[in-house]
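For what it's worth, UniProt numbering labels the leading residue of the sequence shown as 1, then goes sequentially.
Virtual Cβ for every residue (Gly too), placed ideally from N, Cα, C.
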Amino acid sequence: MRVTPLADNNKSDQYLYQILVFTGQRTNAGTDSKVYFVLSGDDDQTQIRLFSDPHRKIFQRGGINSFIIAVPKSLGLLDYIRIWHDNSGEGSSASWYLKYIIVRDLQTLDKFYFICQQWFAVEEDDGRFERTLPIASEEEKQDFSYVLSKKAYHSVSDGHLWFSIFSRPPSNKFTRVQRCTCCFVLFFTSMLINIMYYDLSNAVKASSETHSGALSIGPFYIAPQQIGIGIMVELFTLIPSLLVVQLFRRIRPRQQVSRLREAIY
1 MRVTPLADNN
11 KSDQYLYQIL
21 VFTGQRTNAG
31 TDSKVYFVLS
41 GDDDQTQIRL
51 FSDPHRKIFQ
61 RGGINSFIIA
71 VPKSLGLLDY
81 IRIWHDNSGE
91 GSSASWYLKY
101 IIVRDLQTLD
111 KFYFICQQWF
121 AVEEDDGRFE
131 RTLPIASEEE
141 KQDFSYVLSK
151 KAYHSVSDGH
161 LWFSIFSRPP
171 SNKFTRVQRC
181 TCCFVLFFTS
191 MLINIMYYDL
201 SNAVKASSET
211 HSGALSIGPF
221 YIAPQQIGIG
231 IMVELFTLIP
241 SLLVVQLFRR
251 IRPRQQVSRL
261 REAIY
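Right under this line is the structure:
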């Protein structure tokens, strides 16, 4: 995952926080508007800061963006984050659906969660595009809807082979190219196995039309042998595709300097 130091960081500030921002998967959830925030703790709070990345678009639908913010000293235990946008995006790109924010103190490694799951939009929900998010309690973090949302997001974005091509989590080592390769293995293996059983399937179909045990659904006839062929095709297709998926998931990445370390130092 790319970690972006904020452009308005002061070089003399040495106390660092990492901010992870999770944009929702809903239609038009991403935004092109400028997003500002104020992070507040027991001991201090930041000035108004701007989320920005000069090299890529941020806050896209289903995306996770990571930023490094530098402050003069520790803010203490965090209380809330006030966040808003200027509604400068064009059309549907003006609104934004924020799921949640995780702030990590890079000195103490403490994590602070701010759950939102609301629109920042004039035309959605309550029409607000500025919100103050208090730190989430343990009960809120264990809340059923929050946990279910995280599980569903992970299942679709990473667990489903076909959907994950478009919604792969940025932090995952299993790349889109590798996922496409697995999909092609699955697709062409399925075609090959179906070719092997093609003549047998036709013979079964011809006999099933006069067979009393065949299941008739309109113009279609399904014999027990055809169900067996279908199960065998799925098994022969599933095994090699699972092997390829596990091979890619277990590949060790090349040793490289951590982007987080580059951002810090």
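- Beta-bridge annotation (DSSP): I69 is paired with Y17.
- DSSP places I239 inside the alpha helix (DSSP H), whose first and last residues are 224 to 249.
- R131: member of the beta strand (DSSP E) spanning 130 to 134, first to last residue.
- Check the Cα spacing between C182 and each of A121, D32, V245, F112: the tightest is with V245.
- As the crow flies, the alpha-carbon of L106 is around 12 Å from that of V71.
- Residue environment analysis places A7 among the exposed positions, since fewer than 16 neighbouring C-beta atoms fall within 10 angstroms of its C-beta.
- The three-state secondary structure of I81, taken from DSSP, is strand.
- For L161, the secondary structure class from DSSP, reduced to helix, strand or coil, is coil.
- Residue range 96 to 105 is occupied by the beta strand (DSSP E) that includes R104.
- Using a Cβ distance threshold of 8 Å, Y197 and I231 do not count as a contacting pair.
- Rounded to the nearest whole angstrom, the CA to CA distance from V177 to Y100 is 29 Å.
- Where I115 is concerned, the enclosing beta strand (DSSP E) starts and stops at 111 to 120.
- Inter-residue distance for L133 and V35 is about 15 Å (C-alpha atoms, whole angstroms).
- Inclusion of D44 and L75 in the CB contact set at 8 Å is warranted, their separation being smaller than that value.
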